[in-house]
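Remarks on the structure that follows.
There are 2 protein chains.
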Amino acid sequence: MSRALASFLCALCVPCGEAAAATVDLIVRNGTVVTMDRDRRVVADGAVAVDRGAIVAVGPAGVVARSWRARRTLDARGGIVIPGLVNAHSHAPMVLFRGIADDLRLMDWLQKFIFPAEKQNVTAAFVKTGTRLAALEMIRSGTTTFADMYYFEDQVAEASKEAGLRVVAGETLIGFPAPDHPTTKDALAYSERFLERWKGDPLVTAAVAPHSPYLTSPEDIQAARALADRYGAPVLIHLSESPDEQRQVRERYGKTPTEHLRDLGVLRKGVVGAHGVWLTASDRAILKQSDVGVAHCPQSNMKISAGVAPVAEMLKEGLRLGLGTDGAASNNDLDMFEEMLTAALLSKHATGDPTNAPAAAVLEMATLGGARALGMEDRIGSLEAGKRADLVVVGLDHARVVPVYDPVSHLVYAAKGADVRQVVVEGRVLLDDGRVTTLREAEVIGEAQRMRDQVRRSLARP
Amino acid sequence: MSRALASFLCALCVPCGEAAAATVDLIVRNGTVVTMDRDRRVVADGAVAVDRGAIVAVGPAGVVARSWRARRTLDARGGIVIPGLVNAHSHAPMVLFRGIADDLRLMDWLQKFIFPAEKQNVTAAFVKTGTRLAALEMIRSGTTTFADMYYFEDQVAEASKEAGLRVVAGETLIGFPAPDHPTTKDALAYSERFLERWKGDPLVTAAVAPHSPYLTSPEDIQAARALADRYGAPVLIHLSESPDEQRQVRERYGKTPTEHLRDLGVLRKGVVGAHGVWLTASDRAILKQSDVGVAHCPQSNMKISAGVAPVAEMLKEGLRLGLGTDGAASNNDLDMFEEMLTAALLSKHATGDPTNAPAAAVLEMATLGGARALGMEDRIGSLEAGKRADLVVVGLDHARVVPVYDPVSHLVYAAKGADVRQVVVEGRVLLDDGRVTTLREAEVIGEAQRMRDQVRRSLARP
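Each protein sequence line maps, in turn, to chains A and B.
Position 375 of the first sequence, counted from 1, bears residue number 361 in the working numbering, the numbering being contiguous throughout.
Position 216 of the second sequence, counted from 1, bears residue number 202 in the working numbering, the numbering being contiguous throughout.
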């Protein structure tokens, strides 16, 4: 019997003598599997069989064991097996600016710290080290895919690939000189080379990333759209993050940022708008109709007092809604467990209704919702035969996660990034009982410390 | 030279040949010491010398080393040394109900889950195991003192003492039959025996704990006050948590809960009002004038949509403001690091001003502020010679806490409970590089799992 057929039968849970002979690369067993499949199955003593980077079967451990033999077994030790978390909006290398300045108004923060620090420090080496450091943090806290917009995105892609993570990466197109490109025209040319270079890569999805409706000109946004169309690439953009942005766009174009993008012909599947705090009902209808994704970033929004996104509404309306950390300079980490908790709490607080943003919906935002926001739901976001093998084992051996009444609720309200025990991306084990297999952790941390010293010195200069 | 004199001189940082001969129980070295003393000193390469349960010196490592020799050294390995965190409001044994029911309206949650589960399961053994489980979680996440109101408080006190934690414990006086006492009169009699039993204990401070202005009668609240006065004991009470409470108290007494307590003659130093969400400006003036403490519980408040406490105002007005997790059934953990982060983010969000609740103020709420709320600032809350030796080492060896620009900001925005490496209470090492020294972790967790099964069965019964 062909591997594909065996996989198909197993997915249907039909035990089959012949399939029992099939050997796969990896079986994850001895855990509760939260599949996030169409039926939102939770399999109490479940297993996931993985071969050649893909999931070939998900089901009760006994059934999987009858059909598949594994070259390698990963013991979840009674933990919870979930789809890898999807961080739908980040600026990964900014972990090197983690805590550079806090408790400031947005403009003070940007103009006195972030922009000067970026201008003086952001180089290819900085971005490479920053992304490696971010990758360590993401792997250790269960993120397997992240969407990134920053500078030197080749280095982001290279470091992510080296770490074994899945990334959707886009070079930021911003209306002023960036650390790597003096003009947006240069950044667009770079973007095209970037798209060409990473075409067909199994882990790196090259995107185009106009910064925002207020910092990127209409012409540049349209050029970005055209480029993305030529390569079938996603488009990453900030959208309706702050009241200031709303005001600026309204003054300049007489529209909301979403209406502005619609009128520029930019909106379609594969576009991800980050934040979406100030989306109106009519904006949301436009985004829904255009199949556009939204990345909700509650911690960053709270930290800079940007407002609160209409999460309950977006959930009700069925938008492609993911969850993101934003950069670690305004968070100050890349921990998607904390982001899930904050998303649930903030929505309940903001609406005055504790039934809003229930655990299941929030877990979905961090997994399948993020995949949908990025237009990747055919490949990632749930544990189902045929999808790529991105999964995370959450340990339940720590007092803080004992006892468990409901695994889904537990993932959002009790489990922490630190409970992540194993991480698999594209079938490869990136975290194995506390050890990151792909990066030299001590070296990366040492290099990050040195860059911190350099950043400090640069800010001290008059 | 006497030990006391040597201690005094060392506190003044006067190196002294004779003092060099003095031997102390413990020196914590090789860390950045965030003292929270009057000058909010942060000592870059600092050390803390501890003897007979008390801090005898805090200062630069070299100065401390010249004056003191240690029987035991604790290596902070470049981490941050902070005063032990103070959880100013909790119901520790409720960790056994962690996640029993989430995403519900308060009354559904209480009446369908919490009250029935408590009625059928809360016994002395349940409280003992629950407190042990809570103690494991608290120790591992850096809490050294917690204020507790629940039932079977003798078991809470016994288990805390066994764990080595400092506790302010009060038997809840509630207007309906409690798991351990059919009437408030019985609970008051128990409270008196409880106060008598723990008199003078170095770790256990017995308190009196009328539940709230809406569930405890005026007579019982006054009886509680009289009892507390006889023993010089703290009074723990819920105060202005929900709009419902405000309405009920207004309807019954024509006043705010704070005015009601003032008029009952209850308010003075040592009273801790938990939540304080709906405090008016006039309420806050009353609390300030009466020296009453407030325990801010942002995660619980958000989760049940109770509203947001006027933190910026309370900070400005100089109230005795601490931070609490509330019970783990509405949180769902006892992690004070997460609570600090949420306190900072929620205040910024609620006020629209990102300069509100800055890291230094939030760290103070979780340390010295909590001590002040509990009326214990002469003994705990900061690292200063003369105070009890309650301290925590936060490790900086994990990618998620690299790099560090500002240690205080880092503690609030980046560090997690899981970064806690060492914990000392009353000079005793409770957590030693990841190992809890006072409790048998596996046994406690096993027992908690069994109790979870029992709770589940009890809720399934018709």
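Ideal placement from N, C-alpha and C gives every residue a C-beta, glycine not left out.
Quick caveat, the model's predicted, so the values are computed rather than measured.
(message) As a quick exercise: from Ala193/B, Lys255/B, Ala120/B and Asp187/B, pick the residue whose alpha carbon is nearest that of alanine 155/B.
(response) Ala193/B
(request) Rounded to whole angstroms, what's the CA-CA distance from arginine 118/B to alanine 336/B? Just pull it up for me. (result) 36 Å
(request) Over the uninterrupted alpha helix (DSSP H) stretch that includes methionine 326/B, give me the two end residues. (result) 322 to 337
(request) May I have the straight-line CA-CA distance separating glycine 186/A from glycine 39/A, to the nearest angstrom? (result) 15 Å
(request) Please confirm if glutamate 123/A has its CB atom under 8 Å from at least one CB of chain B. (result) yes
(request) Have a look at Glu139/B, Ala87/B, Asp166/B and Ala143/B and flag the residue whose alpha-carbon is nearest the alpha-carbon of glutamine 106/B. (result) Asp166/B
(request) With a 10 Å radius around its C-beta and 16 neighbouring C-beta atoms as the bar for buried, classify proline 243/A as buried or exposed. (result) buried
(message) Would leucine 349/A and valine 398/A be called neighbours here (beta carbons separated by less than 8 Å)?
(response) yes
(request) Leaving out five residues on either side along the sequence, give the residues of the same chain with a beta carbon under 6 Å from the beta carbon of alanine 111/B. (result) none
(message) Which runs of the alpha helix (DSSP H) at least 4 residues long sit entirely within the stretch 215 to 257 of chain A? Give them in chain order.
(response) 229 to 239 and 243 to 249
(message) According to DSSP, simplified to helix, strand and coil, what is histidine 396/A?
(response) helix
(request) Report all residues from its chain with a CB closer than 8 Å to the CB of leucine 213/A; omit the five preceding and five following residues, and keep chain order. (result) Leu174, Ser177, Glu178, Leu181, Val194 and Ala219
(message) What does the alpha-carbon distance come out to for the pair serine 333/A and proline 344/A?
(response) 9 Å
(message) Just to confirm the assignment: which complete alpha helix (DSSP H) runs, minimum length 4, are found wholly within the stretch 376 to 421 of chain A?
(response) 393 to 399
(request) Look up asparagine 107/A in the DSSP assignment and say whether it is helix, strand or coil. (result) helix
(request) If I'm right that valine 378/A touches valine 409/A with Cβ under 8 Å, what's the distance once you round it to whole angstroms? (result) 5 Å
(request) Could you spell out the range, first to last residue, of the beta strand (DSSP E) harbouring proline 69/B? (result) 66 to 69
(message) Does the contact criterion of 3 or more C-beta pairs under 8 Å hold for the stretch 198 to 209 of chain A versus the stretch 219 to 239 of chain A?
(response) yes
(request) Using a Cβ-Cβ cut-off of less than 9 Å, list which residues of the stretch 395 to 421 of chain B approach chain A; keep chain order. (result) Ser395, His396, Val398, Tyr399, Ala400, Lys402, Gly403, Ala404 and Asp405
(message) Does arginine 126/A pass the burial test, meaning 16 or more other C-beta atoms within 10 Å, or should it be called exposed?
(response) buried
(request) Tell whether a beta-carbon distance below 8 Å holds between glycine 308/B and methionine 351/B. (result) yes
(message) Looking at the strands, I want to know which residues DSSP matches up with leucine 12/B.
(response) Val36/B and Arg58/B
(message) Can you pull the chain B neighbours of isoleucine 100/A, defined as C-beta to C-beta under 7 Å?
(response) Within chain B, no residue comes near isoleucine 100/A; the closest Cβ sits about 13 Å away, beyond 7 Å.
(request) Identify each residue in the stretch 355 to 388 of chain A for which the Cβ-Cβ distance to at least one residue of chain B is less than 9 Å, and report them in chain order. (result) Asp383, His384, Ala385, Arg386, Val387 and Val388
(request) Sort out for me which residues DSSP pairs asparagine 73/A with in a bridge. (result) Phe132/A and Leu309/A
(message) Quick check: valine 67/A and glutamine 435/B, are their CB atoms within less than 8 Å of each other?
(response) no
(request) Check whether the Cβ atoms of asparagine 73/A and alanine 400/B sit closer than 8 Å, and answer yes or no. (result) no
(request) Tell whether a beta-carbon distance below 8 Å holds between asparagine 342/B and alanine 298/B. (result) yes
(message) Is lysine 241/A close to chain D? Criterion is C-beta to C-beta, closer than 8 Å.
(response) Absence of chain D from the displayed structure is noted, the protein chains being A and B.
(request) Note down the Cα distance separating isoleucine 41/A from threonine 424/A, rounded to an integer number of angstroms. (result) 21 Å
(request) Ignore the nearest five residues each way along the sequence and tell me which others in valine 0/B's own chain have a CB closer than 7 Å to its CB. (result) Residue placement at valine 0/B is flagged as unreliable, the pLDDT there being 45, under the threshold of 50; the coordinate-derived value follows with that caveat. For valine 0/B, where only same-chain residues beyond five positions count, there are no Cβ hits under 7 Å.
(request) Identify, in the order they occur along the chain, each residue of the same chain with its Cβ nearer than 6 Å to the Cβ of aspartate 37/B, setting aside the five sequence neighbours on each side. (result) Val10 and Asp11
(message) Under 8 Å, with one C-beta from each stretch per pair, do the stretch 132 to 146 of chain B and the stretch 73 to 85 of chain B reach the 3-pair mark?
(response) yes
(message) Would asparagine 318/B pass as an interface residue toward chain A - the criterion being a Cβ-Cβ separation below 8 Å?
(response) yes
(message) Could you tell me the alpha carbon to alpha carbon distance between alanine 30/B and glycine 48/B, rounded to whole angstroms?
(response) 11 Å
(request) Could you name the residues of the same chain whose beta carbon sits closer than 8 Å to that of cysteine -4/B, not counting the 5 residues immediately before and after it, in chain order? (result) Model confidence at cysteine -4/B stands at a pLDDT of 48, short of 50, so the residue's coordinates are unreliable and nothing is read from them.
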